[in-house]
Amino acid sequence: MAKLSYAKALNRALADELERDPTVFVFGEDIAAGIARLTAGLAKRFGPERIIDTPISEQAFTSMATGAALAGLRPVIEFQIPSLLFLVFEQIANQAHKFSLMTGGQVAVPVTYVVPSSGSREGWAGQHSDHPYSLYAHVGLKTIVPATPSDAYGLLVSAIRDDDPTVIFAPASAMDLREDVTAELVPVPIGSARVHRHGHDVTVVALGHLVTEALAVADELADEISVEVFDPRTVYPFDWAALAESVDRTGRLVVIDDSNRFCGFGAEVVATAAEELRLIAPPRRISRPEGAVLPFALALDRAIQPGRDQLTAAIRAVMK
Amino acid sequence: MAKLSYAKALNRALADELERDPTVFVFGEDIAAGIARLTAGLAKRFGPERIIDTPISEQAFTSMATGAALAGLRPVIEFQIPSLLFLVFEQIANQAHKFSLMTGGQVAVPVTYVVPSSGSREGWAGQHSDHPYSLYAHVGLKTIVPATPSDAYGLLVSAIRDDDPTVIFAPASAMDLREDVTAELVPVPIGSARVHRHGHDVTVVALGHLVTEALAVADELADEISVEVFDPRTVYPFDWAALAESVDRTGRLVVIDDSNRFCGFGAEVVATAAEELRLIAPPRRISRPEGAVLPFALALDRAIQPGRDQLTAAIRAVMK
Amino acid sequence: MRLIREFEERALELVKTGEIVGGIHPYIGEEAVAAGVCAALRADDQITSTHRGHGHVLAKGADPSRMLAELCGRVTGLNRGRGGSMHAADLGSGILGANAIVGGAAPIAAGAAWAAQRKGTGQVVVTFFGDGALNQGVLLETMNLAALWRLPLVFVCENNGYATTMATAAAVAGSAAGRAGAFGLPSIEVDGMDVVAVHSAAASTVKAAREGAGPTLIEAITYRFGPHHTIERKIRLAYRTQEEIDRWRQRDPLDLQGARIPAPERDRIDAEIIAVIDAAHEFARSSPDPDPKDALDYLYASGLVARGGTANG
Amino acid sequence: MRLIREFEERALELVKTGEIVGGIHPYIGEEAVAAGVCAALRADDQITSTHRGHGHVLAKGADPSRMLAELCGRVTGLNRGRGGSMHAADLGSGILGANAIVGGAAPIAAGAAWAAQRKGTGQVVVTFFGDGALNQGVLLETMNLAALWRLPLVFVCENNGYATTMATAAAVAGSAAGRAGAFGLPSIEVDGMDVVAVHSAAASTVKAAREGAGPTLIEAITYRFGPHHTIERKIRLAYRTQEEIDRWRQRDPLDLQGARIPAPERDRIDAEIIAVIDAAHEFARSSPDPDPKDALDYLYASGLVARGGTANG
Ligand SMILES: Cc1ncc(C[n+]2csc(CCOP(=O)(O)OP(=O)(O)O)c2C)c(N)n1
Ligand SMILES: Cc1ncc(C[n+]2csc(CCOP(=O)(O)OP(=O)(O)O)c2C)c(N)n1
Ligand SMILES: [Mg+2]
Ligand SMILES: [Mg+2]
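What follows is the structure, given as structure tokens:
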């Protein structure tokens, strides 16, 4: 029974797709050396025609991937830090995402953008600790934040095979998670949620590394409150049918979200639930504050991120 | 009694601030010619040291404004098209916005970014019809979308005087609105809402050009439903106290939003209301679809934008 | 060139009549650049275009009828009415699309060139852009990558002296050639009003790119006779003099080339082209408008259906 | 230089002990660049720095104690513990900040230079960046604007041969000087291991900028003796050989300069500096940590209070 790490799962998914499909290749910085782990060992195995080290020209190589996709290839881009997704916002949101509709369906842009260490990295401070998945979901990119090694594997495979541009965030705090993988690793469909723990009092929606936090809180509260831990796995498109099924049973909703509060993922889940689902208590959001900038000092960095205490308090609040 | 157009109000606000404060200046493309109307006549009046035509290097001059602000100046930047705010996302969200906290309060970055024709411009199609105010509110920029000429004047003045970076979107569909200006034009505080029409059955939250639509629908429905038209004027920070006061009276909420549905402004308003306010009926959102890209053909362009019929239907729905 | 000129004249009328919504960026005066460059390309070669793209799209071989139908927003248009003037694309003709963002298409062209190089197809890609794009970072990043990887890519700078109202000299420190040289790209400056001169420059650079010699820059010195965009009609702009415009009009690319063609031949071509444009207009006019309920079609290649909006509730 | 070296050696220890969280990008080997350039600046001149910024910040005159306190995340730090290694700033000393985005600081420096020119303060601004930034669009856009407007700005490229693991030759088509030349900027290549050579190059370019002659580029050929970042310790990287590192170490900038200073003098300086660093370490260690409830302080200069988060419920 093999222990598989989250980082290794991403690495294996990428390797399997490179092996299976000759049109897949990777652009990124320092990916031959594989310092971000996503591409570890791949340059040796697939060579410099498939694993391409790029200069620090993110805007150019991001749109180059779009052009290569128009020519029938399936590019994967590794971004070393999450804020690079700010730098290439034009190239992804205004070019790659819009090509299919603007051309009247003449083309597809099957590019996969991977951030193999998103969110806080403890001590990387203001410009290297962002978690911009809500931004990409808002503009309409398929946006994925896997929580476990097997989901990281299955969702990266599906993203690469998907015909639309897709962004995958691998939270830095999840990269070292390990899982006992018994079954064979398989693709996980984009847009399908997963219930990690069943419960009947309250549905807690959590993504990525926060699923681990939610499960821990659910354990702590087990004797008093039965918590269902719901992991959408994909931010957009969101699995509303699965959420409805869960909330129909629990009637209560708490969302924990590592992006900024205002117009964040948590807002979307709470808003749609308020519009469409039957809630017996007001829903609650836990998130980064509005306009959050992560301060350097560790205690401050942590104070900005959504945590267990807040989640516990929110769960108790909706049970009142 | 003078008729003041929305475009002219912006132009006058900028002129008044240039007159009042010698540290104010403007960067932008074709602003000496004033083709976007914001700067009409200003080059002649204030000269090329205050009204600076820039090459097509948005990323560089946007961060130049940040540097000039660090040196004590108050830059205003005109962006000719809304999607330029995608191109400079790094410079605004990751640099200008973060400087104050990252430096431990050593500096302020009082830059004002103005888009004098945001949203659809009928026939400008996919890459020139965006309305990215929810994106900027999410990252924490003060984000303003005035609905009337006098508010456009008062909010632009306040934005220029504000010590934080601030984004103002002037919807293309609002630029030609005219208002009878009786009183003197005055600054309008950032973060304060305005109720354009009082009602007791349902609160309709609308921004920018959609305020006009909301008022029209309120008129149509006047005999059957008493609609309150609530204009936050500022997306972020949002005037929650004023919304609470309104919803306490009506108990019902509909939000109409010209940005994309998922993680949009509408989601934030509905989510916060669901968490914190007493609603007697499920709230409703009208918005652009998820991941919207505006098609060129006029009928399609309009079909993507939130409209009166949807708003009317939503109001009826919450009254059921 | 005559086709482009007639097409643009007709399009200008349709903007006036309202059959074309949103206006256009007319290419009139610059026809020799698109015509000369595209004449040097194979059918399977590719181009990217700009906001001022009608000339490039027609010169690369798109059907004028479907192009005009696109400008009129009809379902029979190149983009089924979804793109319009600034996004016209025809993948079948190697047209990767006009692009509404200055400099935005260059790296897309480089990506297509990279794919062609990798597959060994022998295709060459041409990216057209204006002098204004010379100051856009992503274009400069692209020159570096194209040079570094010896991509089969030709950069064609249409230097018409202005970026909207801004004179090139007021915006560009150094020059187009200097920028290319900085990355080791050879460059050729050519008279953009002379289609023969443009063609010979294009032929040699395209041949070099096809043979693996890497990218080059062609700077075509040209001039737009009309407004930056048709809205300019509504506003009076004083960024250039009538006298300057008149001077350039004396070097109308159509006259320069026309003088090289025997009159009867010329008249025959002109007549043919008028017929083509009339047919195109008739085709566009008689084509159906798209149905509003299909407004979200093609948003996702995978068929994902977005929520919200009138289009689907 | 000795101060920077000792500071970095101490910082490396503190990364090992965990007193510094998140690691650092050590400047060891490149000291002559920061020291030589900043020695040519006035107290009211300004700089922008990079992710590898400790040397620039110290050379421009920041207090080593407050700098080390910043790296340790203490309230007594330059940024009150909010910035850390990659964002250290000291406006009072003309340090507009280290910047964690490659190329990101150049336009900020240009803006400060533009303001100085406008106010006629006679200040000069220096923007430091690495060879990797030569391929970042915004830096190239900035060169154009600086040249166009003759800003009192000096571009200092620290070419240490690598961008993380990528050799400059594999990433840069053309050269640094070629890029400057493309925009009409004069440039000087200098031995970045020789502080005297760097200083004389800086002195002349800074003087020219101050007198209104406009911007220039200095390319300092240098080398980092240590890892790109302290995490490199954990991973084995083979992008350069030990032999190459050893060869460069023979041109250690401290030895080159040290040989020019009489031994007793040198020993006195070394002793002084050790004392300064010990004091800095003591200062940092004894300074208080920020209070988590203040996590959102300074987010808005206007005092706006954000909602959400543990910091304020
Ligand atoms: C990045 C970007 N900035 C600004 C604009 C607005 N804009 C459209 S065309 C244009 C001028 C372009 O000039 P040039 O590149 O010389 O092309 P020309 O119009 O002369 O053909 C500008 C500023 C844009 N579309 N994209
Ligand atoms: C725009 C951007 N892309 C990527 C990164 C990640 N990154 C940090 S340092 C670095 C290498 C920088 O190399 P260089 O500019 O030569 O400076 P050096 O580290 O050699 O001092 C990279 C790629 C970043 N911080 N910013
Ligand atoms: Mg031009
Ligand atoms: Mg380097």
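Chains as they are written, first to last, in my numbering: chain A, 10 to 329; chain B, 10 to 329; chain C, 2 to 314; chain D, 2 to 314.
Beta carbons are placed, not taken as given, at the ideal position from N, Cα and C, and that holds for glycine.
Residues bridged to residue i (per DSSP)
i	result
A/F70	Answer by DSSP bridge pairing: none, since A/F70 is not bridged.
C/N160	C/I222
C/F130	C/C158
D/D91	D/I96
A/A301	In the DSSP output, where bridge partners are listed per residue, A/A301 has none listed.
A/K151	A/T175
Residue i - containing alpha helix (DSSP H), residue span
i	result
B/D240	From DSSP, B/D240 is part of no alpha helix (DSSP H) but of the beta strand (DSSP E) over V236 to D240.
D/D64	That residue, D/D64, is in no alpha helix (DSSP H); it is neither H nor E in DSSP.
C/P254	P254 to G259
Residue i: contacting residues in chain C (beta-carbon distance under 8 Å)
i	result
D/V103	Those do not exist, as D/V103 stays about 12 Å from chain C at its closest Cβ, beyond 8 Å.
D/L218	Within chain C, no residue comes near D/L218; the closest Cβ sits about 12 Å away, beyond 8 Å.
Contacts of residue i in chain D (Cβ-Cβ under 9 Å)
i	result
B/N20	Within 9 Å Cβ-Cβ: nothing; B/N20 doesn't reach chain D, min ~23 Å.
B/T191	The contacting residues do not exist; B/T191 stays about 31 Å from chain D at best.
Any chain A beta carbon closer than 8 Å to residue i
i	result
B/M111	yes
C/R237	no
B/E28	no
D/A312	For D/A312, the predicted structure reports a pLDDT of 47, less than 50, and the residue's modelled location is therefore unreliable. The matter cannot be settled from this model.
C/T51	no
B/S72	no
Any C-beta of chain D under 8 Å from that of residue i
i	result
A/V302	yes
B/V176	no
A/D62	yes
A/R270	yes
C/R308	no
Start-to-end residues for the beta strand (DSSP E) that takes in residue i
i	result
A/L192	Checking the sequence shown, residue 192 of chain A turns out to be Ala, not Leu. Careful: A/A192 lies outside any beta strand (DSSP E) and carries neither H nor E.
A/R261	First-last for A/R261: undefined, no H or E at that position.
A/R297	R293 to R297
A/Y245	T243 to Y245
B/Y122	T121 to S127
Residues that residue i contacts on chain D, provided the C-beta gap is smaller than 8 Å
i	result
A/D39	T165, T166 and M167
A/L94	Here the premise fails: no neighbours, minimum Cβ distance about 12 Å.
B/E58	R119
Nearest-angstrom beta carbon gap, residue j and residue i [assumed within contact, 8 Å]
i	j	result
B/V226	B/T157	Actually they are not in contact, since the Cβ atoms of B/V226 and B/T157 sit about 17 Å apart, beyond 8 Å.
C/A110	C/V139	Not quite, the Cβ-Cβ distance comes to about 12 Å (not below 8 Å), so this is no contact.
A/R293	A/A251	Incorrect: roughly 20 Å between the Cβ atoms, too far for contact.
D/P291	D/V22	In fact, because the Cβ distance is near 13 Å, the residues do not count as touching under 8 Å.
B/L19	B/A179	6 Å
Contact with chain C by residue i, beta-carbon distance below 8 Å
i	result
B/D267	no
D/A174	yes
B/I101	no
B/E299	yes
B/S66	yes
Neighbouring residues, chain B, relative to residue i (Cβ below 9 Å)
i	result
C/G85	G132, W133, A134, G135, P304, F305 and A306
Chain-ordered chain C contacts of residue i [CB-CB under 9 Å]
i	result
D/V139	G138
Residue i: contacting residues in chain D (beta-carbon distance under 7 Å)
i	result
B/T75	I109 and G112
Residues that residue i contacts on chain A, provided the C-beta gap is smaller than 7 Å
i	result
D/D290	A306 and A308
Short CB-CB distance (under 8 Å) between residue i and chain B
i	result
C/H88	yes
A/C144	Per the sequence presented here, residue 144 of chain A reads as Leu, with Cys not at that position. For A/L144, the answer is yes, since a Cβ of chain B falls inside 8 Å of its Cβ.
What residues come near ligand 6, if near means a beta carbon less than 7 Å from any of its heavy atoms? This structure simply doesn't include ligand 6; it includes ligand 1, ligand 2, ligand 3 and ligand 4 instead.
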